[in-house]
Every structure is written in C-alpha cells, then in structure tokens.
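S.K.: Could you have a look at this structure, given as structure tokens, before my questions?
Residue numbers (my numbering), protein chains in the order written: chain G, 348 to 681; chain P, 348 to 681.
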C-alpha cells in the first residue's frame, strides 16, 4: 500500500494526540508525519513509533507534499487552513464543524455512508462525536424498520471540550472533595459532580448548536433530509466516553431480539446487553476502545414500534480521531 | 395549630436527616420527636432545634401516641413496620416503594393530587424521587395541552441510594484523581467519572424497577392509567440533585411562551430559563433548595405539539423528605 505523508493540525490537543496514537495502533501506512499547532506548542516533542517528532508552526506553507491533512484545531482554524491545505494538494479530513453542512463536503461515517466518499473530494468533514455513535447504532436498525422519529438525550464527557476542560474537571473535583472553593473558567458553571444542559452556544430557538448539529448531521449522513430528530445535549462529569439514551420509533415492527441480532452483526457496533448480569456499556469501559457499544435494548411500549437503546463510545476515538482515520483508510483502499 | 408527635424511621439515613432538617426549617408544629433506627445507630445523638435527641431502636412498641410516622428505611422495613405504626394510630407517610402501587394507599404530590388525601387514610405513599419532580412540572402543562406521550431520560444523583453510595462516590473520585485503584461495593460498576444506566433491579422485560416506577407512579398520581411513558434512568456522579430530560407530546398546541407562563405560576415550580445568559437549572444549584427548577423549554419540531424541558430538583428534599412533610402539612391543615 502506498505510504502517505500525513499532517496533523492541532497535534497537541486531546484529539490530536489520539490521532497520533491511532495511526500507530492501526499501522497506518505513513511515509512522513508533520505535527502542526499554534505558536505556543511549537517545539514540543511527541513520540510516534519510537521516533520523536517536534511540533511545527501551522502556516500556509505547512502542507507541501502532504497527502492527508487531519484537522482538529477548532472551526476557526479549519475555515482558514483547510482550503489552503486542499489547494496544496492534500486530502483534508476536518474534525471541526466548519464544513459539515457544506453541500460540497461529504460528511462521512464509514460504517454508514462510505459511498459518499470519492478520491476527487478535497475536504471531507468528520461528524460531531455524539452524532457518529448515534448513526452507527441507528442506521442498521433503520434499514430493517425505517426510523420515523428519534428522541435522544446525551451524557457527554468533558474531553469533547479539550484539554483545559479535562483539567477543570480534575481541579474542581479535588476542590469539592476537600471542601475548598472551586473556580470556573472553561465551563459556564461548576462541572464537577454536576450536569450542564449546555454544549456549544445557544441558538435563538432555545436549542444549543450541539443539539442542532445532532439533528442536521444525522439527516445528512443518513440521507434522510426530513427525519424528525429531537436532541438534548448534556455535559456530565466524565472524562472520556459519551453516552446517549436513544429512543427510536419505527415505521415497521422491529422486535428486541431482531434488533439485537442486527446490531450484533453491524459494522463498528459491539453489543453489551446482558443487564441481568450487569452487562451494559458505560463510558469508563468504552474509553480507550474503538467500538460503539450498545446495550439496554428494550421495547418502548409508549408508542407503536418503539425501541430504547443505550449507546456509549469513546468521543476522542470513534467520535473523532478514529472515524477520521477510517475515512482516510477508506480512501487509500480504493 | 395542634402540635404533633412525630416519629422518624431511618433517622440516621440521608433522607432521615433531611426530614429532621426540614421539620426544623419549616417550623412544623412538633410536640414530641422520636428518632428510630436499627440497632447499629442506637444511641447516636441528633440535634433538633437546640435540643439533642438520642436515636432509639425501631420496635413494634415504637409508635405509641405518635401522630405522624415518617418512614425512610427501605421497602422491607416499611412492609413490616408501617402497618404496625398505622395500627397504633399513627398516620404513616412512607418514602419507600412498598405501598406506592397499593390501591388502598394514596400516592401523593401535594402540588398535583392533594385531593387524593383524606384524614381516614393510615398509610400514605410518597412517590419515587424522579417521578415527583417530573409530575410537578408536567401536570400544569397537561392541564393546558393534554399530554399524549412522555419520553424521559434521567441524570440521578448518588444520594438517592443512601449514605454508602455518597461515600463510594467520594472515595472512588479521590482514587481516580490520584491514579489509584478503585474498589466497588455499593454500585455494580465504577460510579466516579462514569454513568450507569442501572437504578434498582432489572425486570425480565429489560426495564429497571426505577424505570417501571416512573411509568406506573406517574400514571397513578396524574390519574391517567394509560398514559404512554418511556423512561430511561441513569445514575451520574452527582452527590445530590436529580435532573431529567423531559420530552412531552401534547394533544393540543402549547407554545413555548405559554408553557413558560404556566410554569412561572405553577405551585412548587421555579422557572430558570434564560439560556442566553447561561441561566438553566443544574443539580449543584438545586441541592439544598426546595423548588422543582425548570429550564431549557424548547419546541420539539420532531413531532406535532412537542416540547422539551430540563427539570432539576433536590432528590432528598422535594424528591423525598420535603414532599412527605408537605403531605403531613396538608393533612393537619384540613
């Protein structure tokens, strides 16, 4: 397989470091690796396969001879530098929200819509973390029963908001346990031992942008532009691993046993559904693993053809870095 | 107002202590106070209004001349001792699940169904914590728009499971922060920095008893025996304060502004709904307060006449001790 020159933009962030880890774990065919970040991280050393790489400054010239540019440095950086990288000849896979709803950019979860990819595209968008795990679980069930409506509530980990958020949860938790005063910088309110129904900014209609992303991105990935989706996104004091409580209403009957069988064979899904033995997914279990873990599959008797599911996945892996690298793998496979 | 002899069963537990605190705060007309518990707590001293009370052993003889017996020592103790206390002439208000679905016992939230109470009843059941806060918010909206279906996901605090659970969250959190091994005794899996979709036992149909309680108790309190309710109950690493993500579908149109106005005047409800200013309820805010706090009221466009709400309340207060004392107040008012 032809080896690739890979650039990682935002290399020192939580997703950036996960990119590097997963490229190594999966033995991605790398010719050269360029780690890019803003001025304050320049010179930091990061290990990749026994070799040390120095972090370089992200500049317009950074993408010369790069085959794949993996971006995770926020929507602002992506809006500025993705087109530059694409212009320089790289295939850009962008983890920010900048291009997700751009009709020229495919929004791809390889288990769900690999057909949306082709080698001509210069910028490919990686979906929102919670959306990825939801569609990986929902799509195979949709194929069997046709989803009529989704009601989802999330339990999202702080690492989705970056390094400083992880640090704030640690610092605040220590302070609370020692009856000390906490300080609040990254989150609008205390996050330690709390739950905040507030991820990303509020839109005028009362939804957060995170909730709007879950609706719009799900529709685009599943190619169901009118799919009814109601999302409530909540930050919980978990370091890594997003959980979602997923309520699905189908057009056609879909028994619990059938749903289990479908999910046990679905790509990317790991079934963990023996509640009597206390087997169901949790974020502490999912963190550091690659699967979309599904459990608590139950009939919802409050509606015709309803199912409830509990879906957990590592937001930095399948929810971000892993999905992006799977997109790259899909492209070099062709 | 005639002063009452009050017995508290389970006086050293988290709800028991909250009973004592709230009786004092509200200046409940107390003639005598008897604190009852199992052998291991006998002799413990608890302060009430500048006076020290010694915890006594719970025995069949404990209820002589007691007017109100407030129980919070688990369903087993309630099944054994509530009938004894009632037989001795006390009005029993039971916080356990033992009598909630008993057709002879009213299940009461004073803001919702005070008419279910009368002075002849000997055993009155206090509903499940999550159910109480849900019906306090849902009932006034039901009166305006007629609820057709409820889909609810909870974010429940550990204090709902008692003192040992609170201790386990503290101990595990410290251990995780210091990279030490954790031990798991009270919860089936790690609760620190995690989320467990498992509260109470699993029923054969895949629901937990907590989820079944939310369905059945809501129907009984709201006197809607066929109301479609789907519940997913999740334990989160929060000490006190349950949150629920509440999706309501109505028969009739109910605009967000109308819902806000109704809830701003509803008994027991405190509206906290200015998301643009980061005003919405959180458990850390609700803990120690009496209200059922409602925010994030939004239209749900995925269904006709849909609304989403975020409802938070102190599970030891309105979810347990406060509601029980409000029932007693309602009875002595008559």
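Backbone N, C-alpha and C fix where the C-beta goes; we use that ideal spot for every residue, glycine too.
What's the C-alpha gap between residue 461/P and residue 470/P?
M.R.: Approximately 15 angstroms between the Cα atoms of the pair.
S.K.: Give the DSSP bridge partners of residue 390/P, in chain order.
M.R.: Answer is none; residue 390/P lacks a bridge partner.
S.K.: For residue 631/P, would you say it is in contact with chain G, using Cβ-to-Cβ distances shorter than 8 angstroms as the test?
M.R.: At least one chain G Cβ lies under 8 angstroms of residue 631/P.
S.K.: At the 8 angstroms Cβ level, is residue 537/P part of the contact set with chain G, yes or no?
M.R.: Closer than 8 angstroms: yes.
S.K.: Which runs of the alpha helix (DSSP H) fall wholly inside the stretch 584 to 651 of chain G and span at least 4 residues, in chain order?
M.R.: Complete alpha helix (DSSP H) runs here, min 4: 603 to 612 and 630 to 633.
S.K.: Is the CB of residue 514/G under 8 angstroms away from at least one CB in chain C?
M.R.: Judged by its chain identifiers, the structure shown contains no chain C, and its protein chains are G and P.
S.K.: Return the CA-CA distance between residue 389/P and residue 383/P, expressed in angstroms with no decimal places.
M.R.: So the alpha carbons of these two residues sit roughly 8 angstroms apart.
S.K.: With 9 angstroms as the limit, tell me which residues of the stretch 613 to 628 of chain P have their beta carbon closer than that to any beta carbon of chain G; keep them in chain order.
M.R.: Answer set for the stretch 613 to 628 of chain P: 620, 622, 623, 625, 627 and 628.
S.K.: Within the 8 angstroms Cβ cut-off, does residue 522/G reach chain P?
M.R.: False, the Cβ-Cβ gap to chain P never drops below 8 angstroms.
S.K.: Please go through the same chain and pick out, in chain order, the residues whose beta-carbon is closer than 7 angstroms to the beta-carbon of residue 516/G, but skip the five residues on each side of it.
M.R.: Counting only Cβ-Cβ distances below 7 angstroms, and skipping sequence neighbours, we find 505, 538, 539, 584 and 586.
S.K.: Under 8 angstroms by Cβ, that's how I've got residue 363/P and residue 425/P pegged, so tell me the actual separation to the nearest angstrom.
M.R.: At roughly 13 angstroms, the Cβ-Cβ gap does not stay under 8 angstroms, so residue 363/P and residue 425/P are not in contact.
S.K.: Kindly indicate which residue of 677/G, 630/G and 593/G has the alpha-carbon position closest to the one of residue 486/G.
M.R.: Here the closest residue by C-alpha is 593/G.
S.K.: Relative to chain P, which residues along the stretch 540 to 554 of chain G have a C-beta separation below 8 angstroms, given in chain order?
M.R.: Within the stretch 540 to 554 of chain G, the qualifying residues are 540, 541, 542, 543, 544, 545, 549, 552, 553 and 554.
S.K.: Taking three-plus beta-carbon pairs below 8 angstroms as touching, is the stretch 511 to 527 of chain P in contact with the stretch 597 to 615 of chain P?
M.R.: Judged by Cβ distances under 8 angstroms, the stretch 511 to 527 of chain P makes no contact with the stretch 597 to 615 of chain P, as fewer than three pairs qualify.
S.K.: Please return the same chain residues whose Cβ sits closer than 8 angstroms to the Cβ of residue 512/G, not counting the five positions on each side in sequence.
M.R.: 505, 506, 533, 534 and 538, listed in sequence order.
S.K.: Who does residue 351/G pair with in a DSSP beta bridge?
M.R.: Looking at the DSSP assignment, residue 351/G forms a beta bridge with 377/G.
S.K.: Excluding sequence positions up to five away, which residues of its chain have a Cβ less than 8 angstroms from the Cβ of residue 652/P?
M.R.: Excluding positions up to five away in sequence, the list reads 492, 495, 596, 597, 598, 599, 600 and 601.
S.K.: May I ask you to list the residues that DSSP assigns as paired with residue 578/P?
M.R.: The partner list for residue 578/P (beta bridge, DSSP) reads 499/P.
S.K.: Output the boundary residues of the alpha helix (DSSP H) element that contains residue 458/G.
M.R.: From DSSP, residue 458/G is part of no alpha helix (DSSP H); its letter is neither H nor E.
S.K.: Alpha carbon to alpha carbon, how far is residue 422/P from residue 412/P?
M.R.: Using only the alpha carbons, I get a separation of about 24 angstroms.
S.K.: Please list the partners that residue 586/P has in chain G, where partner means a Cβ-to-Cβ separation under 8 angstroms.
M.R.: 540, listed in chain order.
S.K.: Identify the continuous beta strand (DSSP E) that holds residue 655/G and give its terminal residues.
M.R.: Unbroken beta strand (DSSP E) run through residue 655/G: 653 to 660.
S.K.: Helix, strand or coil: which one does DSSP assign to residue 365/P?
M.R.: Residue 365/P falls in the helix class under three-state DSSP.
S.K.: Using a Cβ-Cβ distance under 8 angstroms, would residue 563/P count as near chain G?
M.R.: For residue 563/P, the answer is no, since every Cβ of chain G falls outside 8 angstroms of its Cβ.
S.K.: Helix, strand or coil for residue 511/P per DSSP?
M.R.: Three-state result, residue 511/P: helix.
S.K.: Going by the CB atoms, is the gap between residue 393/P and residue 437/P shorter than 8 angstroms?
M.R.: Not in contact: residue 437/P and residue 393/P (Cβ atoms no closer than 8 angstroms).
S.K.: If contact means a Cβ-Cβ distance below 8 angstroms, which residues of the stretch 632 to 657 of chain P contact chain G?
M.R.: From the stretch 632 to 657 of chain P, only 632, 642, 643, 644, 645, 646, 647, 648, 649, 650, 653, 655 and 657 have a Cβ closer than 8 angstroms to chain G.
S.K.: By the three-class DSSP mapping on this structure, what secondary structure does residue 493/P have?
M.R.: Three-state result, residue 493/P: coil.
S.K.: When Cβ atoms are compared, which residues of the stretch 456 to 489 of chain G fall closer than 8 angstroms to chain P?
M.R.: From the stretch 456 to 489 of chain G, no residue has a Cβ closer than 8 angstroms to chain P.
S.K.: Under a CB-based cut-off of 8 angstroms, is residue 526/P close to chain G?
M.R.: So, not an interface residue.
S.K.: For residue 555/G, does the three-state DSSP call read helix, strand or coil?
M.R.: Of the three classes helix, strand and coil, the one that applies to residue 555/G here is strand, per DSSP.
S.K.: For residue 359/P, decide whether its Cβ has a neighbour in chain G, counting only Cβ atoms nearer than 8 angstroms.
M.R.: Judged by the 8 angstroms Cβ criterion, residue 359/P is not in contact with chain G.
S.K.: At least one CB of chain P closer than 8 angstroms to the CB of residue 579/G: is that the case?
M.R.: Interface residue, yes.
S.K.: With DSSP collapsed to three states, give me the class of residue 668/P.
M.R.: Three-state result, residue 668/P: helix.
S.K.: Kindly indicate if chain G contains any beta-carbon less than 8 angstroms away from that of residue 517/P.
M.R.: Output row for residue 517/P: interface = yes.
S.K.: Just list the alpha helix (DSSP H) runs in the stretch 415 to 486 of chain P, keeping only unbroken ones of 4 residues or longer that don't cross its boundaries, in chain order.
M.R.: Correct list: 422 to 434.
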